[in-house]
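Protein chains in written order, with our numbering: chain A, 2 to 494; chain B, 2 to 494.
Just so it is clear, CB atoms sit at the ideal spot from N, CA and C, and this is done for glycine as well.
(1) So which residues of chain A does residue 143 (chain B) contact, with C-beta pairs closer than 9 Å?
(2) What are the residues that DSSP puts in a beta bridge with residue 225 (chain A)?
(3) Out of curiosity, what's the CA-to-CA distance linking residue 25 (chain A) and residue 272 (chain B)?
(4) Cutting at 7 Å between CB atoms, please list the residues of its own chain near residue 167 (chain B), excluding the five before and the five after it.
(5) Apart from the five residues just before and just after residue 308 (chain A), which ones in its own chain have a Cβ nearer than 6 Å to its Cβ?
(6) In or out: residue 339 (chain A) buried (at least 16 other Cβ within 10 Å) or exposed?
(7) Do you know whose CA, among A:263, A:216 and A:68, lies nearest residue 155 (chain B)'s CA?
(8) Would residue 301 (chain B) and residue 41 (chain B) be called neighbours here (beta carbons separated by less than 8 Å)?
(9) According to DSSP, is residue 217 (chain B) helix, strand or coil?
(10) If the criterion is Cβ atoms closer than 8 Å, does the pair residue 173 (chain B) and residue 149 (chain B) meet it?
(11) How about residue 226 (chain A) and residue 299 (chain A): do their beta carbons lie closer than 8 Å?
(12) Please list, in chain order, the chain A residues whose beta carbon lies closer than 7 Å to that of residue 99 (chain B).
(13) Show which residues of chain A have a CB atom less than 9 Å away from the CB atom of residue 157 (chain B).
(14) Do you know whose CA, among A:232, A:329 and A:455, lies nearest residue 418 (chain A)'s CA?
(15) For residue 38 (chain A), which residues does DSSP report across the bridge?
(16) I need the DSSP call for residue 295 (chain B), collapsed to helix, strand or coil.
(17) Are residue 215 (chain A) and residue 106 (chain B) close, meaning C-beta to C-beta below 8 Å?
(18) Starting from the beta carbon of residue 326 (chain A), find every residue of chain B whose beta carbon is closer than 8 Å, and list them in chain order.
(19) Short of 7 Å in beta carbon distance, which residues of its chain neighbour residue 444 (chain A), apart from the five on each side in sequence? Order them along the chain.
(20) If you reduce the DSSP assignment to three classes, tell me which class residue 416 (chain B) lands in.
(21) Is any beta-carbon of chain A found at less than 8 Å from that of residue 306 (chain B)?
(22) Taking one C-beta from the segment 286-293 of chain B and one from the segment 352-361 of chain B each time, how about it: are there three or more such pairs within less than 8 Å?
(23) With 16 other CB atoms within 10 Å as the buried threshold, where does residue 183 (chain B) fall?
(24) Three or more C-beta pairs closer than 8 Å, one from the segment 371-381 of chain B and one from the segment 389-407 of chain B: is that the case here?
(25) Spell out whether any CB of chain A is found under 8 Å from the CB atom of residue 66 (chain B).
(26) Quick one: which residues of the segment 35-49 of chain A get their C-beta closer than 9 Å to a C-beta of chain B? List them in chain order.
(27) Among residues of its own chain, excluding the 5 on either side of residue 241 (chain A), which ones have a beta-carbon nearer than 6 Å to its beta-carbon?
(28) Roughly how many angstroms separate the alpha carbons of residue 207 (chain B) and residue 20 (chain B), rounded to a whole number?
(29) Out of B:286, B:179, B:50 and B:244, state which residue places its alpha-carbon closest to the alpha-carbon of residue 258 (chain B).
(30) Quick check on DSSP: helix, strand or coil for residue 56 (chain A)?
(31) Please classify residue 481 (chain B): does DSSP put it in a helix, a strand, or coil?
(32) Rounded to whole angstroms, what's the CA-CA distance from residue 63 (chain B) to residue 175 (chain B)? Just pull it up for me.
(33) Taking buried to mean at least 16 other C-beta atoms within 10 Å of its own C-beta, is residue 351 (chain A) buried or exposed?
(34) If you reduce the DSSP assignment to three classes, tell me which class residue 447 (chain A) lands in.
(35) Answer yes or no: do residue 121 (chain B) and residue 91 (chain A) have a C-beta to C-beta separation smaller than 8 Å?
(36) What does DSSP give as the partner residues of residue 151 (chain A) in its beta bridges?
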């Protein structure tokens, strides 16, 4: 049990906040609903970005940048999208401040600098991007247009939670234009697969791929696909979405192209995104009573080396520091990021706890006796199981251990999910299982009416219609109607 | 002369816009003052970012992210800074839109969603960052705090120009806190040197390092250092700034630390930034009548390979394409980015012009006859001088040529600057030289009064007090007073 953080079993929300703040990932700010992402948290985001960016580029996408402001008259053009986000929009109405005539040390909004048209701070960029695509797309030769943007977006939230729900957050949003419906659908599924693979392979986060219900889909989409993960508080977390937008935006923004046969056609659209919310998912899925657990594949620091200094033997201390530096240099060449703790004022136990809190995947201690035997002690963060490894072939050994850690973290999260996933066939069983937390599979009659009643009565939502369920039939737990829709329910973040 | 773009000698502003838009770097948007950065332009920015980010990290800085919104009451705390930016602030006043009761297809700002306190969209982040640093800095052990942020900022501009002056732009802003004045000053100079080195070595842009006058310094700074470059329109362009902020922000935001001796001290501050404006600088410094000229060290694409296809010899065409792919694979391994143009519908001349417009540093043509002789034709963009190179050791040769191109572009810009830099000792000579464009060195009496009169009468500003001028004395061109300040004048962007 860490002395730094709240006991998870006593107050899981406070435990989460402690992890974020004391783990050095983020901080509250004095701006309502906005957080500060601290260097360690931002380093984690940079690792994630690098992996995703490469996956996007490897599949032919290019990055670009579009304005943060959307004039209201453009924003409202795709009505479903506009109405879906209207309640969360930060709106710029003025372009100047001036000195307060009553108090020279204060500023006031200059009433003479009112904008003719209000600007919405982007909550998502479909409107501004499709308004631009109209000029970029003339012919089938301009398609597909495969663009991604890394950006900040703002959605005014009343109840905020660090990383999981903040007014401003960082994300990437892909926006693609295609000549055919089939191609746009294939893109939608390709990006969903990229997200699922990223979550499982890099974040060590098992996910369920599925289709959102009509009620839960993105405002302006024809179909929304998502990946859903289970957190240790028993709640589901939507970790990424990929939308097939059909021709909604191309029609709203009049984006047509000349086809090979000379006819004029509307383009087909997709959009897809993941955000800094993934950092929240990572924390809530893997952290434990000692602190954060960061999977090696996205960890800003892979290994912390702690030389076991002796207060009265400076000569020996220098040998330990020297050895630590040699190991660091050697590991750096293999793209392993290493921190050496050369602080001689702190006890090893204090240091262990601090790095466990930060979730650094592997701790290596260098002690004089082990060193004489050609050994080092290692301790993976997620298991806490110490062992000795040979100094010979150290780099290979550490890389092997880091791979094991990556798999170990995933397996632990997968076991958790398996132990918290049930299938029910009655509404009574459903209610009792939902109350316990976790994923619950059940048949649903496919109507929004039933979906909303279940939500009202149990606070559980349909997370998705999983892509891999078989087409058996069963009875809707609420209406008893026969249905082929076995869907995934959970309470959600 | 390119058929795509306006003649530089006829209309240099239209030439510039053509380069940006037709060269594929950026586009106007329907949002007042905001531009869209297109994939090729963003690729250029990504190259620049990667180099700078590494330089920042190599000097101990870490990235973080702070809110885009600054509550007015925080923004106004450092008065000079607040007043300096007040006229350019986009202000968020509401957090919701609602359906227009008179027209269901329209949205209006919901008057009931007025914010209690207005939020400024950051024009620069000193206020929000120093407000955060107050919680992060307690002891001398927390210092130095070396943080950088990559972000978008908004400064409301009345007259905009793509990349050079837009309401929203992308930049990096470093914000550091130090225990001593000397350390903060050293940081200020270190970052100025990093910018100067980046401009000269990577952007091939010769710059003058100097100190801004009191009148021209950053609002809230004690001293502003800058790098100034000369553009082909005869105007100066400020390409980067590094500010020694003294204790202005620490005092305004009450950021104190406990020193080693137990005393309480205010921290010392710096900030420094470069922006997407550098892309504008790159264009205006190097482009020519055929289009863009991108230095290899920041080029998204280094080499374009054009196989010389024959309409009736598909077998031979396949050999050429195959050879191009081999060369590309081989160059990719050396981190050279290569584009192959396999389009058989377009003439070589058309392709040449298109890639010249884009400024791709090196063109390689593969023709059947050259290939038989074991040769390839290359043509550096900046010189247009074709030559044949051996297929043996091709990679080394191309790397050597790219290095030559980098140096060649720099030398060309340096010659231009040398040919457009004069020193004058009378106001008449000054006025006539300023009219011609270029850099003009002259003595100045050190008063803001004289500086403003010269500006009013000639539109020339003091770009900087260069760091490398010797401390001779001369007469101020305006007041004839003796002064040791030989300063750099120019009209500026």
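With the structure as the only source:
(1) Under the 9 Å cutoff, chain A gives no residues; its nearest Cβ is about 13 Å from residue 143 (chain B).
(2) A:244
(3) 23 Å
(4) 34, 35, 36, 158 and 161
(5) Within the same chain, 321, 322, 325 and 367 come within 6 Å of residue 308 (chain A) by CB-CB distance, once the 5 residues on both sides are set aside.
(6) buried
(7) A:68
(8) yes
(9) Of the three classes helix, strand and coil, the one that applies to residue 217 (chain B) here is coil, per DSSP.
(10) yes
(11) no
(12) Neighbours of residue 99 (chain B) across chain A, judged by C-beta separation under 7 Å: 87.
(13) Residues of chain A with a Cβ closer than 9 Å to the Cβ of residue 157 (chain B) are, in chain order, 96, 97 and 114.
(14) A:232
(15) A:27 and B:66
(16) coil
(17) no
(18) Result: empty, since nearest Cβ-Cβ is about 17 Å, beyond 8 Å.
(19) 475, 476, 477, 478, 484, 486 and 487
(20) helix
(21) no
(22) In short, these stretches touch, since the Cβ pair count reaches three.
(23) exposed
(24) yes
(25) yes
(26) 35, 36, 37, 38, 39, 40, 41, 42, 43, 44, 46 and 47
(27) 196, 228 and 275
(28) Distance between the alpha carbons of residue 207 (chain B) and residue 20 (chain B) is about 21 Å.
(29) B:179
(30) helix
(31) coil
(32) 9 Å
(33) exposed
(34) coil
(35) Not closer than 8 Å, so no.
(36) Bridge pairing for residue 151 (chain A): A:173 [DSSP].
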